[in-house]
Amino acid sequence: MGKKILLAILMKKIETLLEAATYAEAGAFEIARETLKKEGHKTDKEVFMYAENLRKRLGAELEVLYVIRPDDEQLLEKKQLRSRLIPNVIFSIGNLEEEIIKYIRRHKDIIFTIVSKKDIKNLIERYNQLNCPLVIISPKSHSI
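Residue numbers (our numbering): 6 to 149.
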């Protein structure tokens, strides 16, 4: 079992997801990944860069968990999006903190989790449920 880093992101614009899915269905996985990366603020790009650099240094695999709010679920079902359209990218519906904890419980090979400070609220208090280190990226910094 190889080392894996989990990058968890709260998906804010469902349109970005649909655009990425279109590229992925056509087999353009790199374009799909780049489309997802461009979704957010400067902090999101910093988080991706931090995770990618760390992945390279550790020789680990990067898993990206995009969590979609439940109110966008019907749109996803209508578009019949599959959970594994893009390799190493997972889509989940629910609360970001809950989805991170559930994912880590199912995947024991996660060595740590990276999240943006703007996307989490209660995860720090629930840190003991993660069973792996938590890296929180703040704007204009690399971690806290």
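Note that the Cβ used here is the ideal one computed from N, Cα and C, for glycine as well.
As assigned by DSSP and simplified to three states, the class of residue i
i              : result
glutamate 68   : strand
isoleucine 73  : strand
isoleucine 36  : helix
arginine 131   : coil
serine 148     : With a pLDDT of 45 at serine 148, under the threshold of 50, the modelled position of that residue is not reliable, and the figure given next carries that caveat. Serine 148 falls in the coil class under three-state DSSP.
asparagine 136 : coil
lysine 61      : helix
Residue span of the beta strand (DSSP E) that contains residue i, given as start and end
i              : result
isoleucine 109 : Per DSSP, isoleucine 109 belongs to no beta strand (DSSP E); it is in the alpha helix (DSSP H), 101-111.
alanine 13     : 9-16
isoleucine 95  : 94-98
isoleucine 142 : 139-142
isoleucine 119 : 115-121
C-beta contact flag for residue i and residue j at 8 Å
i             : j              : result
leucine 11    : tyrosine 108   : yes
glutamate 57  : leucine 41     : no
threonine 118 : valine 140     : yes
isoleucine 73 : isoleucine 36  : no
glutamine 134 : isoleucine 106 : yes
leucine 101   : aspartate 124  : yes
lysine 122    : isoleucine 142 : yes
lysine 96     : tyrosine 71    : Checking the sequence, you will find phenylalanine at residue 96 rather than lysine. Taking 8 Å as the Cβ cut-off, phenylalanine 96 and tyrosine 71 qualify as a contacting pair.
lysine 8      : leucine 59     : no
valine 120    : alanine 25     : no
Any non-hydrogen atom of the ligand MG closer than 7 Å to residue i Cβ
i            : result
glutamate 51 : Looking for the ligand MG in the displayed structure turns up nothing, as the structure carries no ligands at all.
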